[in-house]
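Participant: Quick one: this structure, given as structure tokens, is what I'll be asking you about.
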Amino acid sequence: EKPEEFVAQFSVQFQDAFVEVLRRRFGTRLVRANDVYQEYIKQRDHVHMNATQWTTLHEFVAELGRGGLVRVEDPDGALKIRYVDTEIQEQIRQARAVEQARAEQEARALKQVEARRLKALSAARSQFATAETSVTPTQTNPPAANAQDATAKPAERLPPKPVGAILKIPRNKHSTLQKGQSNVFKTAHQRAVLKRNTACESSSARSSLPRISESPQNAAEHQQR
Numbered sequence: 001e002k003p004e005e006f007v008a009q010f011s012v013q014f015q016d017a018f019v020e021v022l023r024r025r026f027g028t029r030l031v032r033a034n035d036v037y038q039e040y041i042k043q044r045d046h047v048h049m050n051a052t053q054w055t056t057l058h059e060f061v062a063e064l065g066r067g068g069l070v071r072v073e074d075p076d077g078a079l080k081i082r083y084v085d086t087e088i089q090e091q092i093r094q095a096r097a098v099e100q101a102r103a104e105q106e107a108r109a110l111k112q113v114e115a116r117r118l119k120a121l122s123a124a125r126s127q128f129a130t131a132e133t134s135v136t137p138t139q140t141n142p143p144a145a146n147a148q149d150a151t152a153k154p155a156e157r158l159p160p161k162p163v164g165a166i167l168k169i170p171r172n173k174h175s176t177l178q179k180g181q182s183n184v185f186k187t188a189h190q191r192a193v194l195k196r197n198t199a200c201e202s203s204s205a206r207s208s209l210p211r212i213s214e215s216p217q218n219a220a221e222h223q224q225r
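For the sequence shown, the UniProt record's numbering begins at 1 and goes up steadily by one.
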């Protein structure tokens, strides 16, 4: 086999063993990279770094950071790393995906509800407009008489007359009303007197006429009756 294949194989073994020590021994705590390396070389069957593709620990840690296996920090020149739990990250990623899918579903449902509401509102407005048009039809050409009435001038109203001008009541003791009543009484009295005199004259005339004697024939007819 070629030497490059051995180097690649040893590099994979060294990386897997180093990350496993970091995960089991330190978890997700922030620790110095050298402390993890010292813990790793305690193993009897460990792979030495000089058999890998990395020449320094700093170079190796930088490669782990680029691969997303650890989070690298370098405060005050001390190289520190923190293990990134891929399982937890996967769970977080899945949870975020589920939450995003749920939010999108709710947004679609709200959009559908709003669309149905707007559709119902539009239908109600159209129905109301149709009903209003059928109940009160519009009149485009009003009659000519209405136009003439509208243009005609209003009749002038005369000022009201005072009460005294309408009813001229005399202030003297013998008013016109009393005179009229007196004339009516006089006329009725005169008519009664004239009627009585006429009746008397008629009775006098009948009494002065000669009585005609009845003939025997008339007497017999009278008796038969």
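Glycine included, C-beta positions come from ideal geometry on N, C-alpha and C.
Going by beta carbon distance, what residues of the same chain come within less than 7 Å of Y40, once the five residues before and after it are set aside?
Facilitator: Position 40 of the sequence shown, counting from 1, holds the residue named residue 40. Cβ within range, chain order: A17, F18, V21 and H46.
Participant: Are the Cβ atoms of V61 and A33 separated by less than 8 Å?
Facilitator: Counting from 1 along the sequence shown, the entry for residue 61 is found at position 61. Counting from 1 along the sequence shown, the entry for residue 33 is found at position 33. Contact: yes.
Participant: So what does Y83 bridge to, in DSSP terms?
Facilitator: For the purposes of this step, residue 83 is identified with residue 83 of the sequence shown, where counting begins at 1. DSSP lists V70 as partners of Y83.
Participant: Grouping DSSP H, G and I as helix and E and B as strand, with all else coil, what is R108?
Facilitator: Walking along the sequence shown from the start, residue 108 turns up at place 108. Helix.
Participant: Tell me the start and end of each unbroken alpha helix (DSSP H) in the region 8 to 59 that is at least 4 residues and wholly inside, in chain order.
Facilitator: 33 to 40
Participant: Quick one: grab the DSSP three-state call for A103.
Facilitator: Taking the sequence shown and counting its residues from 1, the one referred to as residue 103 is at position 103. A103 falls in the helix class under three-state DSSP.
Participant: Cβ atoms of I81 and V36: under 8 Å apart, would you say?
Facilitator: As a working mapping, residue 36 is identified with position 36 in the sequence shown. As a working mapping, residue 81 is identified with position 81 in the sequence shown. Cβ distance < 8 Å, so V36 and I81 count as in contact.
Participant: Could you check what DSSP says for K2 in three-state terms: helix, strand or coil?
Facilitator: For the purposes of this step, residue 2 is taken as the residue at position 2 of the sequence shown. In the structure shown, the three-state DSSP call for K2 is coil.
Participant: Let me know if Q15 comes out buried or exposed under the rule of 16 or more other beta-carbons within 10 Å of its beta-carbon.
Facilitator: Indexing the sequence shown from 1 puts residue 15 at position 15. Answer is buried; the Cβ neighbour count reaches 16.
Participant: With a CB to CB cut of under 7 Å and the five nearest residues on each side skipped, what residues in its chain are close to A131?
Facilitator: The count along the sequence shown starts at 1 and reaches residue 131 at position 131. No residues qualify anywhere along the chain.
Participant: What number of angstroms, rounded off, separates the C-alpha of L30 from the C-alpha of Y83?
Facilitator: Sequence index remark: in the sequence shown, residue 30 carries index 30 (1-based). Sequence index remark: in the sequence shown, residue 83 carries index 83 (1-based). Distance between the alpha carbons of L30 and Y83 is about 8 Å.
Participant: For V7, which residues of its own chain have a beta-carbon under 8 Å away from its beta-carbon, when the five flanking residues on both sides are left out?
Facilitator: On the sequence shown, position 7 is the one that residue 7 refers to. Same-chain partners within the cutoff: A51, T52 and Q53.
Participant: Does A78 come out as helix, strand or coil in the three-state DSSP assignment?
Facilitator: The residue given as residue 78 occupies position 78 in the sequence shown. In this structure, A78 counts as coil in the three-state DSSP scheme.
Participant: Buried or exposed: where does L110 fall if 16 or more other Cβ atoms within 10 Å of its Cβ makes it buried?
Facilitator: The sequence position of residue 110 within the sequence shown is 110, counting from 1. Exposed, because fewer than 16 other Cβ atoms sit within 10 Å of the Cβ of L110.
Participant: In chain order, what residues of the same chain have a beta carbon less than 8 Å from the beta carbon of F10, not counting five sequence neighbours either side?
Facilitator: The sequence position of residue 10 within the sequence shown is 10, counting from 1. These residues qualify, in order along the chain: V47, A51 and T52.
Participant: Mark V113 as exposed unless 16 or more other C-beta atoms lie within 10 angstroms of its C-beta, in which case mark it buried.
Facilitator: Sequence index remark: in the sequence shown, residue 113 carries index 113 (1-based). With fewer than 16 Cβ atoms within 10 Å of its Cβ, V113 is classed as exposed.
Participant: Tell me which residues share the same chain as H174 and place their Cβ nearer than 6 Å to its Cβ, disregarding the 5 neighbours each side in the sequence.
Facilitator: Your numbering for residue 174 matches position 174 in the sequence shown. Note that H174 scores a pLDDT of 49, beneath 50, so its modelled location is shaky and nothing firm can be said.
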